[in-house]
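Q:
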Amino acid sequence: MNAAILVDSTNELSTRRIFAEQVRLLYAQAPLSALANALIAPLLVLVLWPVIAHSVLWAWLLTLEATLVICALLILAFRRDPHRHETPERWADRYTWACAACGICWGGCLFLLALSPSLVYQTFIALCLGGMLMGGVLTMTPWLTTCIFYSLPLVLPPTLWLLLQDDLMLTVMGITGILYLVLALSTAQHYHQTLQHSLRLGLDNLTLAESAAAAKELVEASHAQLAERQAALQDSLEAMREFYRVIATPRRHANDQIQALLAMGRERFGTAVGILAHIEGQRYEVIQTSGTGTGLAVGTVLPLEETYCNEAARLGSPLSIEHAATTRWREHLCYQKHHLETYLGAPVHIGGQPYGTLCFYDQKPRPTPFSSVDHELIQLMARWIGAVIEQDRTAAAVQRQHTLLVHASRLNTLGEMASGLAHEINQPITAIALYAETSLSRLRGGVVDPTEIAATLEKIASQSARTNTIIQHIRRFARQSKPHYLAVHTKALLDEIDDFLILETHRHEVRLQQHIPPNLPPVLADPLQFQQVILNLIHNAVDAMHTNEGPRTITLSARIDREMVEIGIEDTGPGVPPDIFSRLLHPFFTTKPDGLGLGLSISESIIEAHGGRLWATPNRERGVTFHFTLPIANHASLPEHPPTEPAPAAVGSNAG
């Protein structure tokens, strides 16, 4: 009974001494953490200074610096307290809350992320947060609670903000942040446990040293064991540092990340070749390879039974072979066919399902056995590769869904074009009917002028060609071809359709006036789409005035408005009631009994595609004016629309 009490008391004393040492190490490394905060925070503010409001940056920086001042005061008070080893819990709690406040300040970077104007600045902020996270892991692991209280408020707010964004790249960054946090906390836990173990070993070593007189051989054995464990610990630390260096280096593609890891593994394990393979049934396929003299190129397929990976996949854990010729592995089919002496491999899983193996091999034997650190490292590498491949597959799936959405949008646009086909070709067909009616009227009246008839037939042929042009344009749109944006002159394009405008207005006893300045600069537009908008708006204006008893006038004007050319079509019709004015541009909305309600919406989509806008305003006296803008073209970089031959004048012109 007394012996048990003595053992418990001894263990409690040892635990308390270890905890006191952990707190001492925590405060010993605290200045490094404070220095890193004091340097990186102003650097981040300096980089973001041109793009984020200075008041926001000052508020964030001063808040963070206040927490650093608190940490500095705690460090100074700890060093001056002669009884600090008697109350380590109090000092640990104080520093933990100070670090939590610092982590909250860094977590406040989500506001800087939200206010950053581009992905470059957001990436820089994320890198700074990652650096501060790993800095905390390296300096706060003596007390794991401190590390957790610092890491969670630092990473979670910015990461959750990234995950809530619609941008794919930001979402991927958020997922990476979560993985990074998990890896950091796992590393911190590993370091913490290792440190505790090391301190306990040191305490045991001290106890053994104090009783060296009674058990000298036991002490020497303990020293040797301690040295071996310390060497393993150092080896593990170096391996983790190298592994972190590789995975923390930004790379664009998953294949590049895996290649870098394969190269690191070859150097770490001292082998000539590293391979990532996919296993499906009894089929072994090389996915990636690194090293010289592999004999196995990417895409090589082997029977699974001819590889050591068959055994690693079956075991579900790392498999190591240092000298196959001296062990039972010399009977294996892999050794007999490929003479591989050294092998280290581990299974790779994706989403909990077997994917393949990660392995490193050499045809030369290994002089020393693989250590437990090597086994742990390759298992960690295999898990990380599985996560990278799964993440890459997820990104590919997201991209496929995006492509399907774009395709669905295109099909919807094609459906709208099909619905408006009748309206699109109605204008030139009407022109053909007008020209034919004029010719028939002259023939019936006995007034036959071959020249006029020939000119009218040429116009009919021209409008037929225009109908074909419109249909070809719709077909080009259906083939997803882009409009041909050229530097075009407004007056020239209006001249090309002047005959139809005159005939249309003359038939309805409407006077057409054009006020186009001769020095108007060219605009950037597709000629056919520009003319279609003009024809549609003129036709709507004519229809709006068909019941007018007063003067019927359409005024077509143009003017320069900064970097745009504004074109207006003004009519003297009855106008539009205020309650339906805001719905004029809505698809399928019409005030005509036989209208489709697509003309204005199609015109609006055309103008918006050109970088302009379409709108309507009521006139002071009567009628409505439709306006649209087009950007002024840059002659230095755009081809010009070739001028067309002027068409013969229409009969009965009344253009003003």
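Numbering (the UniProt record's numbering), first residue to last: 1 to 656. Each residue gets a CB set at the ideal place from its N, CA and C atoms; glycine is no exception.
(1) In chain order, what residues of the same chain have a beta carbon less than 7 Å from the beta carbon of alanine 633, not counting five sequence neighbours either side?
(2) With DSSP as the reference, label valine 523 as helix, strand or coil.
(3) So, are the CB atoms of alanine 41 and cysteine 71 less than 7 Å apart?
(4) According to DSSP, simplified to helix, strand and coil, what is glutamine 353?
(5) Is it the case that the CB of glycine 316 approaches a heavy atom of the ligand HEM more closely than 6 Å?
(6) In this structure, does DSSP put leucine 584 in helix, strand or coil?
(7) Around the C-beta of methionine 169, are 16 or more other C-beta atoms found within 10 angstroms, so that it is buried, or is it exposed?
(8) With DSSP as the reference, label glutamate 621 as helix, strand or coil.
(9) Less than 7 Å between the beta carbons of threonine 342 and alanine 277, yes or no?
(10) Is there contact between the region 315-325 and the region 274-288, where contact requires at least three CB pairs shorter than 8 Å?
(11) Helix, strand or coil for arginine 330 per DSSP?
(12) What residue does the beta strand (DSSP E) around aspartate 561 start on, and which one ends it?
(13) Taking Cβ positions, are serine 151 and leucine 133 nearer each other than 7 Å?
(14) Under 7 Å, do aspartate 571 and alanine 609 count as touching if we go by C-beta distance?
(15) Enumerated in chain order, which unbroken segments of the alpha helix (DSSP H) with a length of 4 residues or greater are wholly contained in the region 73-129?
(16) Could you give the DSSP three-state label for tyrosine 335: helix, strand or coil?
(17) Which runs of the beta strand (DSSP E), 3 residues or longer, sit entirely within the region 235-296?
(18) Would isoleucine 554 and valine 624 be called neighbours here (beta carbons separated by less than 7 Å)?
(19) Work out the CA separation of arginine 507 and serine 605 for me, nearest whole Å.
(20) Going by alpha carbons, who is nearest to histidine 489 out of Gly611, Ala325, Leu630?
(21) Put phenylalanine 626 into one of helix, strand or coil per three-state DSSP.
(22) If you draw a straight line from the alpha carbon of glycine 446 to that of alanine 461, how long is it in whole angstroms?
(23) Between alanine 77 and phenylalanine 149, is the Cβ-Cβ spacing less than 7 Å?
(24) By DSSP, does glutamine 363 sit in helix, in strand, or in coil?
(25) Compute the Euclidean distance between the alpha carbons of glycine 352 and leucine 183, then round it to the nearest angstrom.
(26) Buried or exposed, going by whether 16 or more other CB atoms sit within 10 Å of the CB of alanine 478?
(27) For the alpha helix (DSSP H) containing aspartate 495, list its first residue and its last residue.
(28) Cα separation between methionine 240 and glycine 612?
(29) State buried or exposed for serine 118, treating a residue as buried only when at least 16 other CB atoms are found within 10 Å of its CB.
A: Reading off the structure:
(1) Here the set comprises Ala487, Pro522, Val523, Leu524.
(2) If DSSP states are grouped into helix, strand and coil, valine 523 belongs with the strands.
(3) No, the Cβ-Cβ distance between alanine 41 and cysteine 71 is not below 7 Å.
(4) Three-state result, glutamine 353: strand.
(5) Although the ligand HEM was asked about, the structure shown includes no ligands whatsoever.
(6) For leucine 584, the secondary structure class from DSSP, reduced to helix, strand or coil, is coil.
(7) The residue in question, methionine 169, is exposed, as its Cβ has fewer than 16 Cβ neighbours within 10 Å.
(8) When DSSP states are grouped into helix, strand and coil, glutamate 621 belongs to the coil group.
(9) No; because the gap between Cβ atoms is not below 7 Å, this pair is not in contact.
(10) Counting Cβ pairs under 8 Å, fewer than three are found: no touch.
(11) Arginine 330 falls in the helix class under three-state DSSP.
(12) 553-561 is the extent of the beta strand (DSSP E) around aspartate 561.
(13) Cβ atoms of serine 151 and leucine 133: closer than 7 Å.
(14) Here aspartate 571 is not near alanine 609, since their CB atoms are 7 Å or more apart.
(15) Entirely contained in the region 73-129, the alpha helix (DSSP H) runs reaching 4 residues are, in chain order, 88-107, 109-115.
(16) Three-state result, tyrosine 335: helix.
(17) If we require 3 residues or more, the beta strand (DSSP E) runs fully inside the region 235-296 come out as 273-280, 283-291.
(18) No, the Cβ-Cβ distance between isoleucine 554 and valine 624 is not below 7 Å.
(19) Distance between the alpha carbons of serine 605 and arginine 507 is about 29 Å.
(20) Residue Leu630 holds the alpha-carbon nearest to the alpha-carbon of histidine 489 among Gly611, Ala325, Leu630.
(21) Strand, per DSSP.
(22) Computed Cα separation, rounded: 23 Å.
(23) Contact flag unset, no.
(24) In this structure, glutamine 363 counts as coil in the three-state DSSP scheme.
(25) Glycine 352 and leucine 183 have their C-alpha atoms spaced approximately 18 Å apart.
(26) Interpretation of alanine 478 is limited by its pLDDT of 48, a score under 50 that renders its predicted location unreliable; no figure is taken from the coordinates.
(27) First-last of the alpha helix (DSSP H) with aspartate 495: 490-496.
(28) Methionine 240 and glycine 612: Cα-Cα distance of roughly 57 Å.
(29) When all chains shown are included, serine 118 counts as exposed.
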